[in-house]
Amino acid sequence: ERGEIQTQVLFVVWNFVKVLKDEPIEHRGVRFPFTPTKICLEILDSCNKRLFKNSQDLPGLFVHGGASEADFIAASTTILRQLADNVLKPSEELGMPVVEMVNKLQESGKKSMKFQSGEVAYDAKDDTISNVMDGLKILEDKF
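Written out as structure tokens, the structure is:
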């Protein structure tokens, strides 16, 4: 060995997936927490097909590389909805984790939160903050 690090890809996150409906669906045997747009599903199918081919061409690169195509896609990919800027930006700019936003919102009993970052004011409704948290929770569960 030439001192190379032996690492493997556990899974790939397809992010910025556009939401059609906030209803879970099953697509090609994989359960999604929301319904992506039709074009997003087509793009995901194409990307997943290429990813599976790469797993076959590069044995050992993926943790689940020896699985069938359907099992590989289910185990090696996940999707993340396009997250709302009025939650992400204040989280980044103010250094406030989304989980802290959720806790503060619950403690306040209000239906929305306001954030001020410099000259920019953000207003986020409870369902918007919850959607961002739910998306992050899916990633946590996948690990």
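Going by my numbering, the first residue of the sequence shown is number 654, and it counts up by one from there. Just so it is clear, CB atoms sit at the ideal spot from N, CA and C, and this is done for glycine as well. In this text, all values refer to a predicted model and were calculated from it rather than measured experimentally.
- Segments of 3+ residues assigned as beta strand (DSSP E) that fall wholly inside the segment 674-725: 678-680 and 683-685
- Task: Alpha carbon to alpha carbon, how far is Thr781 from Gly762? Give it in angstroms, no decimals.
- Result: 15 Å
- Query: Taking the continuous alpha helix (DSSP H) assigned at Met754, which residues delimit it?
  - Reply: Val751 to Ser761
- Message: Assuming contact is defined by CB atoms lying nearer than 8 Å, are Ser798 and Lys778 in contact in what I supplied?
- Response: Only positions 654 to 796 of the chain appear in this structure, which leaves residue 798 out of reach.
- Message: On the DSSP letters alone, give me the boundaries of the beta strand (DSSP E) that Leu733 sits inside.
- Response: Thr730 to Arg734
- Item | Short Cβ contact (8 Å threshold) for Val665 with Pro689 | no
- Among residues of its own chain, excluding the 5 on either side of His717, which ones have a beta-carbon nearer than 6 Å to its beta-carbon? Phe725, Ala728 and Ser729
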